[in-house]
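As structure tokens, the structure follows; a few thoughts come after it.
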Amino acid sequence: MANRSDAGAVVVTGASKGIGRACARRLARLGFRVYAGVRSDVDAEQIRVEGDGRILPIRLDVTDPSAVAAAAERIDAECGAAGLAGLVNNAGIAIAGPLEILPIDEFRRQLEVNVVGQLAVTQAFLPALRRARGRIVNMGSISGRSALPFTGAYAASKHALEAMTDALRVELRPWGIEVVIVEPGVIATPIWETSIRAASQSLERVPAESLELYADRIDAVRGMVEHNTERGLPADAVARVVAHALTAKRPKTRYLVGRDARLRAWLQRLPDRWRDSLIAWRLGREASSRPAARPPVSR
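Per the numbering used here, the sequence shown starts with residue 92, numbered consecutively.
So, in structure tokens, the structure goes:
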């Protein structure tokens with residue numbers, strides 16, 4: 092990987108933890124000046140001390156238009172004619188649950204953060220990116236290609252991000268702005284632990300008779316997620332790929348990260364009904380192996 096320590100400034104959204112934080116640290120070590128988007132003063136102070144002066148925390152809630160505008164104005168002024176070398180659209184949340192009983196406001200929130208927020212940030216920083224012929228790296232997921240049961244809302248948001256990336260890649264080509272999407276599999280980050288807790292709280296609003304329809308499989312999926320997350324790749328594995336996408340002379344348009352991501356990409360090539368049967372078999376086997384006495388969700 093080329094060391095582009097003179098490449099200037101990059102913005103990383105959702106940098107307070109997990110993949111975003113790993114990206115900020117790695118890019119700072121490569122010599123970039125990193126504007127790390129965070130949402131609290133505590134997060135700002137923690138990440139500031141990790142960057143040896145190269146990580147500059149900035150308050151940035153991607154769903155708050157005034158915060159996005161203020162961040163873009165500040166960075167535009169500080170970067171000046173040099174512009175912005177890169178934007179890493181990493182901020183995101185994962186909302187889980189059966190689509191039939193998922194509260195609609197939760198589905199809207201999923202799309203607002205993972206789709207609308209990404210476009211709002213991209214629009215705000217494009218003038219600075221254009222001046223530098225910078226790059227955009229969108230943090231997708233293998234779920235954007237391969238939707239699994241009970242993660243339909245999250246998968247829908249990442250599938251939309253795939254489409255946005257494809258469109259932007261061609262729309263911004265006249266200005267030499269590369270647009271890349273990174274598609275990780277299971278990564279050991281807090282996002283799914285947070286999602287499981289949030290799902291339990293969200294499903295408390297669902298009538299008991301509706302929840303009972305899915306209770307066994309909800310519990311099975313929760314167990315699978317907990318197990319897989321424990322075995323996930325470290326966040327820095329994704330950060331290495333992001334750094335490559337920002338520094339390679341000719342980056343790929345999309346990067347799969349992780350063995351499980353490659354396996355799911357292969358699974359998606361099967362005929363739909365074969366794929367569905369394999370997933371249903373795995374889910375059924377997991378559900379039947381779990382103790383019947385275990386409560387499926389908190390009430």
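Backbone N, C-alpha and C fix where the C-beta goes; we use that ideal spot for every residue, glycine too.
From a predicted model like this one, the values you see are computed outputs, not experimental measurements.
Compute the distance between the beta-carbons of residue i and residue j, then report whether it is under 9 Å.
| i | j | result |
| --- | --- | --- |
| Arg-236 | His-250 | yes |
| Thr-344 | Val-270 | yes |
| Arg-145 | Ala-326 | no |
| Gly-128 | Val-153 | yes |
| Val-277 | Val-179 | no |
| Ala-219 | Ser-234 | no |
| Gly-177 | Gly-225 | yes |
| Arg-116 | Ala-330 | yes |
| Ala-334 | Leu-147 | no |
| Ile-272 | Leu-252 | yes |
| Gln-137 | Ser-107 | yes |
| Ala-38 | Phe-198 | Outside the displayed range of the chain (92 to 390) lies residue 38, so it cannot be described from this structure. |
| Trp-266 | Arg-221 | yes |
| Ala-223 | Leu-175 | yes |
| Ala-328 | Val-348 | yes |
| Arg-230 | Gly-142 | For the sequence presented, residue 230 should be read as Met rather than Arg. Taking 9 Å as the Cβ cut-off, Met-230 and Gly-142 do not qualify as a contacting pair. |
| Leu-151 | Ala-162 | yes |
DSSP three-state call for residue i: helix, strand or coil?
| i | result |
| --- | --- |
| Val-101 | strand |
| Leu-147 | strand |
| Ala-127 | strand |
| Val-270 | strand |
| Pro-265 | helix |
| Pro-275 | strand |
| Gly-109 | helix |
| Asp-363 | helix |
| Arg-296 | coil |
| Asp-307 | helix |
| Glu-253 | helix |
| Ile-233 | helix |
| Ile-195 | helix |
| Arg-373 | helix |
| Ala-187 | coil |
| Asp-351 | helix |
| Ala-119 | helix |
Residue i and residue j look like a contact to me (Cβ under 8 Å); what is the Cβ gap, rounded to whole Å?
| i | j | result |
| --- | --- | --- |
| Pro-281 | Phe-241 | That pair is no contact at about 19 Å. |
| Arg-124 | Ala-100 | 4 Å |
| Leu-358 | Arg-308 | About 19 Å separates the two Cβ atoms, so there is no contact after all. |
| Arg-279 | Leu-324 | Per the sequence shown, residue 279 should be read as Ala rather than Arg. So it is a contact: roughly 7 Å between Cβ atoms. |
| Ala-160 | Ala-215 | 6 Å |
Is residue i near the ligand GDP - that is, is its Cβ less than 8 Å away from at least one heavy atom of it?
| i | result |
| --- | --- |
| Ala-339 | As for the ligand GDP, it is missing from this structure, which has no ligand bound. |
In the DSSP assignment, find the unbroken beta strand (DSSP E) run with residue i in it and report its ends.
| i | result |
| --- | --- |
| Leu-347 | 345 to 348 |
| Arg-226 | 226 to 230 |
In the DSSP assignment, the alpha helix (DSSP H) including residue i goes from what residue to what residue?
| i | result |
| --- | --- |
| Val-329 | 326 to 338 |
| Leu-178 | Premise fails: Leu-178 lies in the beta strand (DSSP E), 177 to 180, not in any alpha helix (DSSP H). |
| Leu-132 | Reading the sequence as shown, one finds Asp at residue 132 and not Leu. Asp-132 -> alpha helix (DSSP H) spans 132 to 139. |
| Gly-208 | 208 to 223 |
| Arg-165 | 156 to 170 |
With 16 as the cutoff for other CB atoms within 10 Å, does residue i come out buried or exposed?
| i | result |
| --- | --- |
| Ile-149 | buried |
| Gly-171 | exposed |
| Glu-392 | There is simply no residue 392 to check, as the chain begins at 92 and stops at 390 in what is shown. |
| Ser-232 | buried |
| Ile-268 | buried |
| Ser-392 | Because residue 392 is not part of the residues shown, which for the chain are 92 to 390, the question remains open. |
| Ile-186 | buried |
| Gln-209 | buried |
| Gln-201 | buried |
| Met-92 | Summary for Met-92: the model assigns pLDDT 45, below 50, so the residue's position carries little reliability; its value from the coordinates is reported in the next sentence. Result: exposed. |
| Val-140 | exposed |
| Val-261 | exposed |
| Asp-310 | buried |
| Arg-355 | buried |
Please check if any C-beta of chain C sits within less than 9 Å of the C-beta of residue i.
| i | result |
| --- | --- |
| Ala-328 | The chain inventory of the structure shown lacks chain C, comprising one protein chain alone. |
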